[in-house]
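Residue 1244 in my numbering sits at position 92 of the sequence shown, with consecutive numbering throughout.
For every residue, glycine included, the Cβ atom is placed at its ideal position computed from N, Cα and C.
Fair warning: this is a prediction, and the values are worked out from it, not measured in the lab.
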Amino acid sequence: MSNGTENTGAEAGNVEAGAIRLPAVHLLLSDPACAELIAEYGRVQTLETARLLLAELRSLMLASRRDGAAMQAAPDIPAVLTQLRERLRANNRSPLRPVFNLTGTVLHTNLGRALLPDAAVQAVTEALRWPMNLEWDIETGKRGDRDNLIEELLLELTGAEAATIVNNNAAAVLLMLNTIAQGKEVIVSRGELVEIGGAFRIPDIMTRAGAVLREVGSTNRTHLKDYAEAAGPQTALMMKVHCSNYAITGFTKSVELPELAPLAKKAGVPLAVDLGSGTLVDLEQYGLPHETTVRETIAGGADLVTFSGDKLLGGPQCGIIVGRADLIAQIKKNPLKRALRVGKLTLAALEPVLALYRAPDLLPERLTTLRLLTRPASAMHALAQEIAPLMQAALGAQYQVQSEAMMSQIGSGALPVDQLPSYGLVIRANVDKAAGKNAGQRTSNPLGALEQRLRALPVPVIGRVAQDALWLDLRCLDEHQRQRFIDQLALLRA
Ligand SMILES: *Cc1c(COP(=O)(O)O)cnc(C)c1O
1153 MSNGTENTGA
1163 EAGNVEAGAI
1173 RLPAVHLLLS
1183 DPACAELIAE
1193 YGRVQTLETA
1203 RLLLAELRSL
1213 MLASRRDGAA
1223 MQAAPDIPAV
1233 LTQLRERLRA
1243 NNRSPLRPVF
1253 NLTGTVLHTN
1263 LGRALLPDAA
1273 VQAVTEALRW
1283 PMNLEWDIET
1293 GKRGDRDNLI
1303 EELLLELTGA
1313 EAATIVNNNA
1323 AAVLLMLNTI
1333 AQGKEVIVSR
1343 GELVEIGGAF
1353 RIPDIMTRAG
1363 AVLREVGSTN
1373 RTHLKDYAEA
1383 AGPQTALMMK
1393 VHCSNYAITG
1403 FTKSVELPEL
1413 APLAKKAGVP
1423 LAVDLGSGTL
1433 VDLEQYGLPH
1443 ETTVRETIAG
1453 GADLVTFSGD
1463 KLLGGPQCGI
1473 IVGRADLIAQ
1483 IKKNPLKRAL
1493 RVGKLTLAAL
1503 EPVLALYRAP
1513 DLLPERLTTL
1523 RLLTRPASAM
1533 HALAQEIAPL
1543 MQAALGAQYQ
1553 VQSEAMMSQI
1563 GSGALPVDQL
1573 PSYGLVIRAN
1583 VDKAAGKNAG
1593 QRTSNPLGAL
1603 EQRLRALPVP
1613 VIGRVAQDAL
1623 WLDLRCLDEH
1633 QRQRFIDQLA
1643 LLRA
């Protein structure tokens, strides 16, 4: 076995680099303790990583010698193997990891939005392991259409004539605009030119779809006559966009569907609504604020409605378009549909989620998103009472941990103004003690340091910093995650 320069000191098993003697790589790999690493990570990767590690150790030692530091003994085989094990483990840890979402935002876009119910998890697992009739009609034995797997359910739940599904709601809007309005004008109120986080802006999507935005009205007030005056032979579509993440209040006027739909009809153009959050049931029945449902939007006269699968609907990331059969048929023929289509995992997850809506009375138990949103403040209060002393013990006297009332948000642009009463931990730095002990600490940032310690846990804990405190809202700390959360608090003590 040739290991280049490292294999020259065969007798001693060590290599001379001046006086630096590191274990030779072949001795490292043939050590019995390395067998388990090779079994787990493979010989090629283990060898590569060992070479890199030895090279790094060598240059570190050379550098410290140049700096005139005291001569260190080179690490022996067990010491290098320990480092090698750590290095391999770190290199192989997935960058996509579970976290505790204690931000108080239930549908947090940066944390992956909706969590799915077990029925969906099982369906996805099966779809991962098995060939599925994704585009195969089992009854006729002929080629099918993947949209058919969920279309019937969607029609039942929304009252629409037809449905299609794409990668996300941004894609749904893009596809809809490109199909219906390429090269023509789309009339939109200036009060609805929304920007959603992550660079989704109605004017930009419009340009990319090849449509021409025709803005009407003003930021706070748009009247029916504004739409009427803008309509002409160049118009392809009238569109309303849900003000997902903001509210315009005060002296305002917008034109609602029952008024706008007849005008669109008279102008001979379809009326589209980008609803953002796809709410399929009246949330008021669960004690939540009302959010316009897809069914209400269709009944109100919309010809096409677009919405997300992973916001209030509580399903996987996807974009759904429902509406008039002739328009959906046009949309499905657009070659962009092929580029934006969803895979079998999305459909596998979406179908059981939609099916849950057939039993609306059981939805708060079964649909994870709704369960979290309707979780009573008393449940979070009890959790906070239990966890606060444990967190206090873990953090020590430098911090003060309290159980306090706070407000959660739905998130992902749903009902931005409405907040849900919750409970959690509020952690403040005990500045007095720190400053008294050591004046130098006054410039440090104890909350930032705490945030970092929480992020460094095996399952990182994500909260939010506001008003000189770290807020950990316990709404999304589910009962089955409680013990795991408590167990890893011990690691904070270090
Ligand atoms: C969230 C949202 C979008 C984007 O949906 P994604 O599923 O994130 O692509 C588009 N329009 C509105 C009104 C939204 O609220």
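Quick one, are the C-beta atoms of residue i and residue j less than 8 Å apart?
| i | j | result |
| --- | --- | --- |
| S1560 | L1577 | no |
| V1207 | L1181 | The residue you asked about is not Val; residue 1207 is Ala in the sequence shown. No, they are not a contact pair. |
| L1427 | L1305 | no |
| L1267 | T1526 | no |
| V1474 | V1446 | yes |
| Y1379 | I1354 | no |
| H1632 | Y1575 | no |
| L1535 | R1634 | yes |
| G1335 | N1372 | no |
| E1443 | L1464 | yes |
| I1229 | L1179 | yes |
| A1649 | M1391 | Residue 1649 lies beyond the range of the chain shown here (1153 to 1646); nothing can be said about it. |
| S1555 | A1540 | yes |
| A1275 | A1413 | no |
| R1518 | Y1551 | no |
| C1470 | V1258 | no |
Applying the 10 Å Cβ sphere with the 16-neighbour rule, what's the burial state of residue i?
| i | result |
| --- | --- |
| G1439 | exposed |
| L1629 | buried |
| P1422 | buried |
| N1285 | exposed |
| I1290 | exposed |
| L1269 | In the sequence on display, residue 1269 carries Pro and not Leu. Flag for P1269 reads buried. |
| T1234 | exposed |
| F1459 | buried |
| T1277 | exposed |
| R1360 | exposed |
| L1626 | buried |
| E1337 | buried |
| L1522 | buried |
| D1462 | buried |
| T1404 | exposed |
| S1211 | exposed |
| K1489 | buried |
| N1321 | buried |
| T1198 | buried |
| N1243 | exposed |
| R1245 | exposed |
| R1249 | exposed |
| E1344 | buried |
| V1346 | buried |
| Y1193 | buried |
| S1216 | exposed |
| S1596 | exposed |
| R1218 | exposed |
I'd like to confirm the pairing. Which residues does DSSP put opposite residue i in its beta bridges?
| i | result |
| --- | --- |
| K1294 | D1289 |
| V1407 | According to DSSP, which records beta bridges pairwise, V1407 is partnered with nothing at all. |
| F1459 | G1428, I1472 |
| Q1561 | T1257, Q1571 |
| R1373 | K1405 |
| R1580 | Q1552 |
| E1337 | V1364, T1387 |
| E1347 | R1353 |
| L1623 | The sequence shown places Trp at residue 1623, not Leu. V1578, R1616, per the DSSP bridge assignment. |
| K1392 | V1425 |
Closest to residue i by CA distance: which of the options is it?
| i | options | result |
| --- | --- | --- |
| A1333 | N1597, L1479, A1185 | L1479 |
| G1452 | E1411, T1526, D1434, K1418 | E1411 |
| V1273 | E1503, A1534, V1617 | E1503 |
| R1239 | L1263, T1261, L1205 | L1205 |
| L1643 | A1545, L1624, T1458, L1236 | A1545 |
| V1553 | V1494, L1622, A1477 | L1622 |
| N1262 | T1310, I1348, T1292 | I1348 |
| I1302 | Q1537, L1497, L1189 | L1497 |
| T1310 | S1216, V1457, W1288, E1367 | V1457 |
| R1510 | E1308, D1183, L1254, G1369 | E1308 |
| L1499 | R1218, M1213, D1297 | D1297 |
| L1542 | L1524, A1491, R1645 | R1645 |
| T1316 | I1539, M1358, R1493, P1610 | R1493 |
| V1325 | G1362, A1531, N1253, A1176 | G1362 |
| R1636 | V1611, A1275, G1615, Q1619 | V1611 |
| N1486 | L1327, I1539, A1323, L1174 | L1327 |
| A1557 | Q1537, E1313, A1549, L1435 | Q1537 |
| P1441 | H1394, D1570, P1247, P1512 | D1570 |
How about residue i: is its C-beta nearer than 8 Å to some C-beta of chain D?
| i | result |
| --- | --- |
| R1239 | Given the protein chain composition of this structure (a single chain), no chain D is represented. |
Should residue i be counted as a contact of ligand 3 given a C-beta to heavy atom distance under 7 Å?
| i | result |
| --- | --- |
| G1335 | Among the ligands in the structure shown, ligand 3 does not appear; only ligand 1 can be found there. |
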